[in-house]
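Asker: For the protein sequence lines, the chains are A and B, in the order given.
For the first sequence, the working numbering gives the first residue as 104, with consecutive numbering after it.
For the second sequence, the working numbering gives the first residue as 558, with consecutive numbering after it.
Following this message is one structure expressed as structure tokens.
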Amino acid sequence: MLALLRALWLILLHTFKKRVTVQYPERKAYVPPRWRGRIILSRDPDGGERCVACCLCAVACPVDCIALQATEDKTGRRYPETFRINFSRCIFCGYCEEACPTYAIQLTTDYEMGEYRRANLVYEKEDLLISGQGKYPGYNFYRVAGLEIGGKAKGEAENERPPVDVRGLLP
Amino acid sequence: MAIIFIDGKPYQAKDGVSLLDACLSLGFDVPYFCWHPALHSVGACRQCAVKVFKDEKDAKGKIVMSCMTPVADGMRLSIDDPEAIKFRASVIEWLMLNHPHDCPVCDEGGECHLQDMTLLAGHVYRRTTLKKRTHTNQDLGPFVNHEMNRCIQCYRCVRFYKDYAGGKDLDVFGCHDHVYFGRSRDGALESEFSGNLVEVCPTGVFTDKTFKKHYTRKWDLQAAPSVCVHCSLGCNTLPGERYGTLRRIRNRYNQSVNGYFLCDRGRYGYEFVNSKIRIRTASVKTNGAAPADEAAPELAISEIRKKLNGTHEGGIIGIGSPRASLESNYALRELVGAENFYHGVSDTVFNMMGEIVRIIKDGPVAAASLEDAREADAVLVLGEDVSNTAPMLALALRQASRNAPMVNLAKFKIPHWDDAAARNAIQNEKSPFFVASFTGTRLDGLSSEKPYRAAPDDVARLGFLIAHELAPESPGVPDASAEEKSLARRIAVALRNSKKPLIVCGTGPQSIHILRAAANAAWALKRAVPDARIAFSLPGCNSMGLALMDFPSGRPVSEALKRVQAGGAKAVIVIENELDESIGKEGAEEIMSLPCSVAIDFIATRTSQLAGVALPAASFAESQGTFVNNEARAQRFYMVMQPQNKNIHGVWRWIMEIKAALGTEKQCPEIDALTAELAKRMPQFAPIADRAYFPPPGFRIAGMKIPRQPHRYSGRTAMHTNIGMVEPKPPADTGSALSFSMEGFYDASKKQKIPSALLTHYWAPFWNSVQALNKFQSGTGGPLLGGESGKRLMEPSGSAPAYFTDIPEKQKKAPGPSGANNKGFFAVPLYHVFGSERLSMESQAVAGLCPEEGQPFIAASPRTLSALGLNKSDTMELEIGGAVFDFKTVADEEMAEGLAGVFVPKNANIAADLAGLYSKLPAWARFLVKTERKQ
């Protein structure tokens, strides 16, 4: 009897407490910036695709839901010809982002991805690629790499000396 | 055997090897760069440091380079000594100073020896703030990509290219940290072994350029053990597939065959598998000449049944192929009956193959494997241009040319693996090496004296003379000149004084006399040197298998033509064959004009276009079977991938379907059952039933199949979702113990041994690069732990030889009286590594290196040409056997006088009548200067 009254009292008290239920979707819950939501492919500060199709995200993926094919432009810059993420398999673990050596693949705060058809959860490159730099502004892999690409000759990357003159005899 | 103590524990090591070799053989992970099991030690990188102690009381020890230190009994060393670890870590840090931040875009990434060794040696963080040195790259041609920034100066590339493969155009330039590995100027690498730089280079300086166009990481490649189809040597390969296309070919180690290397034709010739020229659907020709329509396989089969209705037993003839597997040839032979089965080769090739089988089978001398060739210490090449017809044999002969002087190393107390010292000690000394050929070959540089240039019959006469010098009971050559006799004597003496002499010949010159002369010489030599060997280069990857099929009875395709002309056949089934090449255009047309003609092939050929029904066959990468190589070694190749569509089947399965349609057999057996049946029915192939060499489909380790995919294979749940959300079940492979999956048994701990015939990739913890191979060998450079893959079908009978006595006459200078403006010349066949093999010519990279831009040409000495009043680049016409062909002319300084080398590339654009020209060579031909003929 006493327990019943105690329960009623507690419930009464809770009616005066602050509500935790959020009226989604009218109101959105707070999502921290490092939330692991929908995956995007970002661009470097010069607007080029950051992804160099190294396949590290694909191999890091524990559910194997990333498939891509590399190709190259005329200047030798490598980029993905196709890049596909099957979000119906994705577990949003963020390993792909961790593995990415170029900050290309990033998990965002967007989690509103519900679909009625599973096929709609397959995102191709055009669905993934955004126009900005995402969470990591300023980084451009090709400025650091030694590879020669269009607009950057040998020796022009950061921390590089100009190309060696092999025929030079100076010490 | 020596006992060495590694970190206090005793181990057995081979005497005389280097410490690094011993440690790796024992399974220890000692990092290294410049050492390579085939190139040995040079001590350039300082990475393999270990600590050696004087005795058990010595606690201080000293750091030595393990690759430069010979094993001694009772030696004490430490790999885990803190000082040694620190030394190795600082060496790798120093090697990495200038290495660019390229791994994500580097094709070597994921199979990089530098990545592996960096982690192994414990370097993880770049401390230096110095700027990195950079280099400009060179265009090294269609095979190899150059990225010099990544170089760590281990010198492996030049040691392979110059020292091992005899290349002249790749070298090291510059000094101190400017050292540059490349050519003196941009241009395609000249060596036909340049592709090995990709595997030899420990990092990404040299990468595969054709692979770059459809790049896939190593861990994403589905692979299966395979055998190269581009020549007769049967080099073992590991083709890799991704997304339904074949991506690249890598070397599969087989100590007895190709060892660590492949030639560029084998490595880069794979693109025909993905090419547009593939037959992908069945086509049925309606009423004669109407264009072939696409048809469902069932329709094609029912068409065949309709047409064959009423064809009684014996009405169907089958034409087998030297590039189809044993199983396919056997299935066809079973369908049509042995008496209706014809070998799809020219009379010349057929007779030569029969003779070769006889020589190996009945004679006392064993056919040389490539390993035997690498170990030979005296070589005689009779007529064959091995660099162009069997490149890996040429590479083996190059190693043979070093063996004789290596004996002197003991005098200087230099171990054979101390490469720089050994090369310095032997200088330019070479093993006795003799070349007899029509024109210059790339082995001429090894020749002990001026190469003998002569017509095929004269080359054969030299062979007979040598045999006579070696054994007087073998027939002599009565009208030989004193010069020829003395040359033969010198060669005979050199061969007799060696321990492992090798005589090399082949079907290239299309002269049966040369084969007989080589056999006589080898047999005569055998009496003095028991380890004498003979090596043959053959025309196709399964020439030997086909020749053995009906030996000694078989029939060439010309007899099929005779039978068709006599009205003795109503239907023909041709498998994987271009009939033009063996029987000429008219002959092919006549055979294919039978009421029912079926061609089963994977590429569109003129024969398949003539056929009433063309069926899409699976290429080597999509089917399983057995090839028999030039030394009669049967080797199994497995499906690397599923056929690209449902219409494509293995040739053998198509034949089974036809058989079922004809009502003779209901059940279509599995490939393995067919192989077993073949081994049972034909005693010459009995060894292919040996399960130790060819594991059965039921073979399991710990209840598991062997996976075709590496355990890191990625993208399984996304690679098919553009087609449908249902993830397809991995296809079942009922024909082999391999699975189309990443699941299965794989172990690199040397405990459980995967049979070598089933080893799909090399990987071990810490070892992602191809160097992981040492985890699968019993001793580096030794045989694979999983036993041999492939088995020799014939060993010499040991009976006394019956010397060939049919000695050809001396080559005439001219065929007889000729007109004032016409001169007769003896036309001989020429070959080129890039151009003389049909399938590889579908690879753009290979076709691009075909001489004279893929145009047929005639090569003659400048004197011969000027006698005709021709300039170097004029066109002339060649009349041979009544037909006239247009040819470009090329001056060839080395061509023997009076000879003209004819080269016809085997690409898709070559006219049908030219394709059959080789079957008529060598022959007398008339040259007509074009303008004169027009008058």
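Each residue gets a CB set at the ideal place from its N, CA and C atoms; glycine is no exception.
The structure presented is a predicted model; accordingly, all values stated were derived computationally and were not measured.
1. Give the single residue among B/Glu896, B/Glu860, B/Ser783 and B/Gly1339 whose Cα lies nearest to the Cα of B/Gln1193.
2. Can the beta-carbon of B/Ile1132 be found closer than 8 angstroms to that of B/Ala1457?
3. Taking the Cβ atom as the reference point for each residue, do A/Cys164 and B/Ser944 lie within a distance shorter than 8 angstroms?
4. List the DSSP bridge partners of B/Arg1483.
5. Mind checking who B/Pro1386 pairs with in its DSSP beta bridge?
6. Measure from the C-beta of A/Phe195 to each C-beta in chain B and report whether the shortest distance is under 8 angstroms.
7. Can you give me the Cβ contacts of B/Leu1474 inside the same chain, cut-off strictly under 6 angstroms, excluding the 5 residues immediately before and after it?
8. Answer yes or no: does any C-beta atom of chain A fall closer than 8 angstroms to that of B/Gly1102?
9. As a quick exercise: from B/Ala722, B/Leu1235 and B/Ser635, pick the residue whose alpha carbon is nearest that of B/Val621.
10. Please give me, in chain order, every unbroken run of the beta strand (DSSP E) with length at least 3 that falls completely inside the region 720-791 of chain B.
11. Three Cβ pairs or more, each shorter than 8 angstroms: is that satisfied between the region 591-600 of chain B and the region 712-730 of chain B?
12. So, is the C-beta of B/Pro661 closer than 8 angstroms to a C-beta in chain A?
13. For the candidate residues B/Glu1040, B/Gly1033, B/Arg799 and B/Ala1305, whose alpha-carbon lies nearest to that of B/Ala1329?
14. Per DSSP, which one or two residues make a beta bridge with B/Trp1324?
15. Could you list which residues in chain B have their beta carbon closer than 8 angstroms to that of A/Pro266, in chain order?
16. On a CA-only basis, which of B/Thr1432, B/Phe1442 and B/Ala1440 is nearest B/Ala1448? Give me that one, please.
17. So what does B/His520 bridge to, in DSSP terms?
18. What three-state label does DSSP hand A/Asp213 in the structure shown?
19. Is there at least one Cβ from chain B nearer than 8 angstroms to A/Gly258's Cβ?
20. For the region 1097-1108 of chain B and the region 1232-1243 of chain B, state whether three or more C-beta atom pairs, one from each stretch, are separated by less than 8 angstroms.
21. Can you say whether A/Phe119 is buried or exposed, counting buried as having 16 or more other CB atoms within 10 angstroms of its CB?
22. Relative to chain A, which residues along the region 1281-1293 of chain B have a C-beta separation below 7 angstroms, given in chain order?
23. Going by beta-carbon coordinates alone, are B/Asn1175 and B/Gly1207 separated by less than 8 angstroms?
24. Does any CB atom of chain A fall closer than 8 angstroms to the CB of B/Ala1078?
25. In angstroms with no decimal places, state the Cα-to-Cα distance between B/Leu1172 and B/Ala781.
26. How many Å lie between B/Thr764 and B/Ser582 at the Cα?
27. Whose Cβ in chain A lies nearer than 7 angstroms to the Cβ of B/Tyr772?
28. Quick check: is the beta carbon of B/Lys863 nearer than 8 angstroms to any beta carbon in chain A?
29. Pick out the complete beta strand (DSSP E) segments inside the region 622-691 of chain B, 3 residues or longer, and give them in chain order.
30. How should B/Pro879 be labelled, buried or exposed, when 16 other C-beta atoms within 10 angstroms of its C-beta is the threshold for buried?
31. Taking the alpha carbon of B/Ser575 as the point to measure from, which residue in B/Ile1069, B/Ala629, B/Leu952 and B/Ile560 has its own alpha carbon closest?
32. Measuring CA to CA, which of B/Gly761, B/Glu1116, B/Val936 and B/Leu1316 is closest to B/Ser1004?
33. Taking C-beta pairs closer than 9 angstroms, name the residues in chain B that A/Phe244 reaches, listed in chain order.
34. Ordered along the chain, which non-local residues of its own chain (more than five positions away) have a Cβ less than 7 angstroms from that of B/Arg999?
35. I need the boundaries of the alpha helix (DSSP H) containing B/Glu798, first residue and last residue.
36. With 16 other CB atoms within 10 Å as the buried threshold, where does A/Ala219 fall?
Answerer: Put simply:
1. Position 636 of the second sequence, counting from 1, holds the residue named residue 1193 of chain B. Residue identity check: residue 1193 of chain B is Arg in the sequence provided, not Gln. Looking at the Cα atoms, B/Ser783 is the closest of the given residues.
2. Walking along the second sequence from the start, residue 1132 of chain B turns up at place 575. Walking along the second sequence from the start, residue 1457 of chain B turns up at place 900. B/Ile1132 is not a Cβ neighbour of B/Ala1457, given a cutoff of 8 angstroms.
3. For the purposes of this step, residue 164 of chain A is identified with residue 61 of the first sequence, where counting begins at 1. For the purposes of this step, residue 944 of chain B is identified with residue 387 of the second sequence, where counting begins at 1. Taking the C-beta atoms as reference points, B/Ser944 is found no nearer than 8 angstroms to A/Cys164.
4. In the second sequence, residue 1483 of chain B corresponds to position 926, counting from 1. In DSSP, B/Arg1483 forms a bridge with B/Gly1381 and B/Glu1436.
5. The count along the second sequence starts at 1 and reaches residue 1386 of chain B at position 829. Residue pairing by DSSP places B/Pro1386 opposite B/Val1459 in a beta bridge.
6. Residue numbering aside, residue 195 of chain A sits at position 92 when the first sequence is read from its first letter. No, A/Phe195 does not count as interfacial toward chain B.
7. For the purposes of this step, residue 1474 of chain B is identified with residue 917 of the second sequence, where counting begins at 1. These residues qualify, in order along the chain: Val1461.
8. The count along the second sequence starts at 1 and reaches residue 1102 of chain B at position 545. Chain A, which has no Cβ nearer than 8 angstroms to the Cβ of B/Gly1102, makes this no.
9. Looking up residue 621 of chain B in the second sequence gives position 64. Ranking B/Ala722, B/Leu1235 and B/Ser635 by Cα distance to B/Val621 puts B/Ser635 first.
10. Whole beta strand (DSSP E) segments, 3+ residues: 728-730, 737-739 and 763-765.
11. Inter-segment contact for the region 591-600 of chain B and the region 712-730 of chain B is present: three or more beta-carbon pairs are separated by less than 8 angstroms.
12. For the purposes of this step, residue 661 of chain B is identified with residue 104 of the second sequence, where counting begins at 1. Closer than 8 angstroms to some Cβ of chain A, the Cβ of B/Pro661 qualifies, so yes.
13. The sequence position of residue 1329 of chain B within the second sequence is 772, counting from 1. The shortest Cα separation from B/Ala1329 among B/Glu1040, B/Gly1033, B/Arg799 and B/Ala1305 belongs to B/Ala1305.
14. For the purposes of this step, residue 1324 of chain B is identified with residue 767 of the second sequence, where counting begins at 1. Paired residue(s): B/Ala1321.
15. Along the first sequence, one-based indexing puts residue 266 of chain A at 163. Under the 8 angstroms cutoff, chain B gives Thr691, His692 and Thr693.
16. Walking along the second sequence from the start, residue 1448 of chain B turns up at place 891. Taking B/Ala1448 as reference, the option from B/Thr1432, B/Phe1442 and B/Ala1440 with the minimal CA-CA separation is B/Thr1432.
17. Summary: the structure shown does not reach residue 520 of chain B, with chain B confined to residues 558 through 1492, and so no result is reported for it.
18. Residue numbering aside, residue 213 of chain A sits at position 110 when the first sequence is read from its first letter. A/Asp213 falls in the coil class under three-state DSSP.
19. For the purposes of this step, residue 258 of chain A is taken as residue 155 along the first sequence, with counting starting at 1. Yes, contact with chain B.
20. In this structure the region 1097-1108 of chain B lies against the region 1232-1243 of chain B, because at least three pairs of beta carbons, one per stretch, are closer than 8 angstroms.
21. Translated into the one-based positions of the first sequence, residue 119 of chain A becomes position 16. By the C-beta density criterion, A/Phe119 is exposed, having fewer than 16 other C-beta atoms within 10 angstroms.
22. Correct list: Met1282.
23. For the purposes of this step, residue 1175 of chain B is identified with residue 618 of the second sequence, where counting begins at 1. For the purposes of this step, residue 1207 of chain B is identified with residue 650 of the second sequence, where counting begins at 1. According to the sequence as given, residue 1175 of chain B is Ala; it is not Asn. Going by C-beta atoms, B/Ala1175 is nearer than 8 angstroms to B/Gly1207.
24. Numbered from 1 along the second sequence, position 521 holds the residue referred to as residue 1078 of chain B. No, its Cβ sits nowhere closer than 8 angstroms to a Cβ of chain A.
25. One-based indexing of the second sequence puts residue 1172 of chain B at position 615. One-based indexing of the second sequence puts residue 781 of chain B at position 224. Rounded to the nearest whole angstrom, the C-alpha separation of B/Leu1172 and B/Ala781 is 25 angstroms.
26. Against the second sequence, residue 764 of chain B aligns to sequence position 207. Against the second sequence, residue 582 of chain B aligns to sequence position 25. Looking at the backbone, the Cα of B/Thr764 and that of B/Ser582 are separated by about 28 angstroms.
27. Taking the second sequence and counting its residues from 1, one reaches residue 772 of chain B at position 215. Simply Ala173.
28. Position 306 of the second sequence, counting from 1, holds the residue named residue 863 of chain B. Interface flag for B/Lys863 against chain A is unset, since no Cβ pair is found closer than 8 angstroms.
29. Runs found: 633-635 and 689-691.
30. Looking up residue 879 of chain B in the second sequence gives position 322. Label assigned to B/Pro879: buried.
31. Working through the second sequence from its first residue, we reach residue 575 of chain B at position 18. The residue with the shortest Cα to Cα distance from B/Ser575 is B/Ala629.
32. Taking the second sequence and counting its residues from 1, one reaches residue 1004 of chain B at position 447. The residue with the shortest Cα to Cα distance from B/Ser1004 is B/Val936.
33. Looking up residue 244 of chain A in the first sequence gives position 141. Within chain B, the C-beta atoms nearer than 9 angstroms to that of A/Phe244 come from His658, Pro661 and Val662, in chain order.
34. Working through the second sequence from its first residue, we reach residue 999 of chain B at position 442. Scanning its chain for C-beta atoms nearer than 7 angstroms, with the 5 sequence neighbours on each side dropped, one finds around B/Arg999 the residues Ser944 and Ala951, in chain order.
35. As a working note, residue 798 of chain B is residue 241 in the second sequence. Secondary structure note for B/Glu798: it is in no alpha helix (DSSP H), and the uninterrupted beta strand (DSSP E) holding it is Asn793 to Arg799.
36. In the first sequence, counting from the first residue as 1, residue 219 of chain A sits at position 116. In the sequence on display, residue 219 of chain A carries Tyr and not Ala. Counting Cβ neighbours within 10 Å, A/Tyr219 comes out exposed, since fewer than 16 surround it.
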